[in-house]
Amino acid sequence: MKKNAGNPERRRKRNAFINRDTWRRFKKNKASLVGLILFLIFVLFMIFADVIVPYSVAIENNISQRLQPPSAEHWFGTDAFGRDVLARIIHASRYSLLMGIVSVVIGIVCGSVLAAIAGLYGGIADRTIMLIMDTILCIPFMLLALAIVAALGSGLENLLMALVIASVPIYVRVIRSSILTVVESDFVEAARSLGTPDRWIVLKHILPNAIGTIIVQATMSVGTMITWAAALSYVGMGIQPPAPEWGAMLSEGKNYMLQYPYLVIFPGLAIVLCCLSLNLMGDGLRDALDPKLKD
Amino acid sequence: MDSLLSVRNLVTRYETDSATVEAVNDISFDVLPGETLGLVGETGAGKTTTALSILQLLPERTGVIKSGAICYKGEDLLSKSKEEMRLIRGACISMIFQDPMTALNPVLTIGEQIRESLEIHNYDGLSREQLDERVDELLEMVGIRTSRKYDYPHQFSGGMKQRVVIAISLACNPELIIADEPTTALDVTIQAQVLAMMMDLKNRLKTSMIMITHDLGIVAQTCDKVAIMYAGEIVESGTVRDIYLGEKHHPYTVGLFGSIPDLEKETRRLSPIEGIMPDPRNLPTGCKFHPRCAHCTARCEREAPPVYREGSHEIRCHLFAAEDANGN
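Going down the list, the sequences are from chains C and P. If you're matching positions, the first sequence starts at 1 in our numbering and goes up one per residue. If you're matching positions, the second sequence starts at 1 in our numbering and goes up one per residue.
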């Protein structure tokens, strides 16, 4: 038993950097709480899409029902093939959220490793990595992603790969700069003066201090990636019909936009709300995770 | 008595593409077991560089030890491998940093940070409980309630943080502690408390210490020996008695004492040393102090002064060296 078991301070979690304090500070920001709830709703839709409405409803043509305005039967109306727009939006959330989250997770992991190598070892490793990253950054994001998809062919995996390759340089830049500030700090030097091995310094001192930046960057990026995935699908380079995807739905709806505006309004709203929720969450997280605001 | 640490003719440079900074120029000193050496000098005199050279923590890309020897218990530290040096740091020689505000990791509790150095050098295979006990013991030693070990650094005041830093540096019972201006960042009342505590612990644990400071008051209170540094050189060294009560002094030392108020003398103004430290990228020839020295002669501008010795008291100045030569 620890000496001071029963002491109220004992209850405080010892190790967690992301602890209940983080949640308390996050809660204070009402806007980010709204963002979190909104995002959770999207996630629930994504998980339970098949329970809410079968996938077949979202992809099978039903010409007799085509271009119905919103009604009790079809809340968001139907599209030119008679497919229920709401069902398509719900199932599209699977593709969009999945692409957003997966591309960011892969991108952040690759980005962190590269940034850590560049930031810690410096010198030739730093210069080589940053040269490559800067070169990629010179190419406009959309153009690069388009080029990659065009070269590899469209499809979910290739779209993901394009998003990852085009976004890694951004993560490397942001994470490297936050690692550099930590590496230069006194407590890292103090740790060195105690004979702390390099791997401990990275795991216990540098990463925990940079993780806030990484999490915020990740949250914000999911929204961006969803938008880019939608944009690529909009120009026909992403998810292929009849699979539903928000960007692809916008693209299909644009021909009927003047007479049937709901065909673009609802998928557009889905994209906007999803990104908004993630950005609000990211803002709140940034404040909650900043160690300097820990009062 | 054999010295614990002996530094001989240490030369350290910072080399960048555009310039070479001559930070430490040929300094030598010894620290005996249980002794405190005060390293005194202005900002930029090379005090911290000396400390970092001993621990070999100089910035990797720029800092180079050009020549000299640093012997710890008779073993040359400069010939040790990186891994051997890592094992020495913290366990045998540890360092207290200047600013406790930034020397602690903001995302770890202080208990974890004290434990960390214990875990790194846990050669006796102590269990978790034993390590926890040792953390409690260390906190009590520096006068912090043990229940506060779950608190984060931002929940402590500056003085308390410095106590934590001291606890960390003492964790593995090092034989030498290098304290780099340990009280500069603290206010005066806390300074006295922290210093008194440090001295008490040092005497109890029989640790040697190198006290880096620019405060001559602290030196008088805490040190056995003093070395006064100017532009990377030790211009005067000796026991505290030699420096404070000796009759002969390097003009720079005289200047340093002239810069602190004296309670017994009525002076309207302090007499600071005119001028500023020379640019270490472009040091003056001869005596490094000659551009600011009131007793400067043509010889000072040409030749580096020899060492004038009087018992344990050493002065590097032409003023006394000349006397010495005439006397013999």
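Glycine included, C-beta positions come from ideal geometry on N, C-alpha and C.
- Three or more beta-carbon pairs drawn from the segment 248-265 of chain C and the segment 65-72 of chain C are found closer than 8 Å, and the two stretches are therefore classed as touching.
- Per the Cβ contact rule, the segment 163-172 of chain C is not in contact with the segment 190-201 of chain C (fewer than 3 Cβ pairs under 8 Å).
- Between residue 179 of chain P and residue 229 of chain P, the C-beta gap is not smaller than 9 Å, which leaves the two residues out of contact.
- Taking C-alpha positions only, residue 317 of chain P is separated from residue 252 of chain P by approximately 10 Å.
- In the three-state DSSP reduction, residue 239 of chain P falls in the strand class (E or B).
- In this structure, the beta-carbon distance from residue 286 of chain P to residue 269 of chain P does not fall below 9 Å.
- For residue 314 of chain P, DSSP records a beta bridge to P/237 and P/309.
- The CB of residue 94 of chain P comes closer than 8 Å to the CB of 193 and 194 in chain C, given here in chain order.
- At a cut-off of 9 Å between beta-carbon atoms, residue 110 of chain P makes no contact with chain C.
- Annotation for residue 174 of chain C: 217 place their beta carbon closer than 6 Å to its own, counting only its chain and skipping 5 residues before and after.
- Fewer than three pairs of CB atoms, one per stretch, sit closer than 8 Å, so the segment 204-220 of chain C makes no contact with the segment 234-249 of chain C.
- About 5 Å separates the beta carbons of residue 90 of chain C and residue 45 of chain C, which is inside the 8 Å limit, making them a contact pair.
- The beta carbon of residue 55 of chain C sits closer than 8 Å to those of 49 and 91, all from its chain and outside the five residues before and after it, given in chain order.
- Each residue's CA atom was taken as its position, placing residue 204 of chain P and residue 196 of chain P some 12 Å apart.
- Listed in chain order, the beta strand (DSSP E) runs fully inside the segment 94-170 of chain P amount to none, counting runs of at least 3 residues.
- Proximity of residue 99 of chain P to chain C, defined by a Cβ-Cβ separation below 9 Å, is satisfied.
- Sequence-ordered contacts of the segment 114-128 of chain P with chain C read 116, 117, 120 and 121 [C-beta pairs closer than 8 Å].
- At a cut-off of 9 Å between beta-carbon atoms, residue 55 of chain P makes contact with chain C.
- A contact is defined here as three or more CB-CB pairs under 8 Å, and the segment 168-188 of chain C fails this definition with respect to the segment 142-159 of chain C.
- For residue 202 of chain P, the enclosing alpha helix (DSSP H) starts and ends at 188-205.
- In the DSSP assignment, residue 94 of chain C falls within the alpha helix (DSSP H) that extends over 85-121.
- If you draw a 10 Å sphere on the C-beta of residue 79 of chain C, you find 16 or more other C-beta atoms in it, and that means buried.
- One Cα belongs to residue 98 of chain P, the other to residue 242 of chain P, and the distance between them is close to 27 Å.
- Within its own chain, the residues whose Cβ lies closer than 8 Å to the Cβ of residue 27 of chain C, once the five positions on either side in sequence are excluded, are 33, listed in chain order.
- Using a CB distance cut-off of 9 Å, residue 23 of chain C does not count as an interface residue toward chain P.
- With a threshold of 16 other beta carbon atoms within 10 Å, residue 234 of chain C meets it and is buried.
- Counting other Cβ atoms within 10 Å of its Cβ, residue 37 of chain C stays below 16 and is therefore classed as exposed.
- With 16 or more other Cβ atoms from the protein chains shown falling within 10 Å of its own Cβ, residue 138 of chain P counts as buried.
- In the three-state scheme derived from DSSP, where H, G and I count as helix and E and B as strand, residue 189 of chain C is classed as helix.
- Inter-residue distance for residue 168 of chain P and residue 46 of chain P is about 25 Å (C-alpha atoms, whole angstroms).
- Taking 9 Å as the cut-off, the Cβ atoms of residue 122 of chain P and residue 131 of chain P count as close.
- Under DSSP, residue 67 of chain P shares a beta bridge with P/11.
- For residue 222 of chain C, the enclosing alpha helix (DSSP H) starts and ends at 207-234.
- Short of 7 Å from the beta carbon of residue 213 of chain C, and not among the five residues preceding or following it, lie these beta carbons of its own chain, in chain order: 174, 175 and 178.
- Short of 6 Å from the beta carbon of residue 289 of chain P, and not among the five residues preceding or following it, lie these beta carbons of its own chain, in chain order: 230 and 252.
- Look at the beta carbons and you see the segment 85-97 of chain P touching the segment 47-64 of chain P: at least three pairs across the two are nearer than 8 Å.
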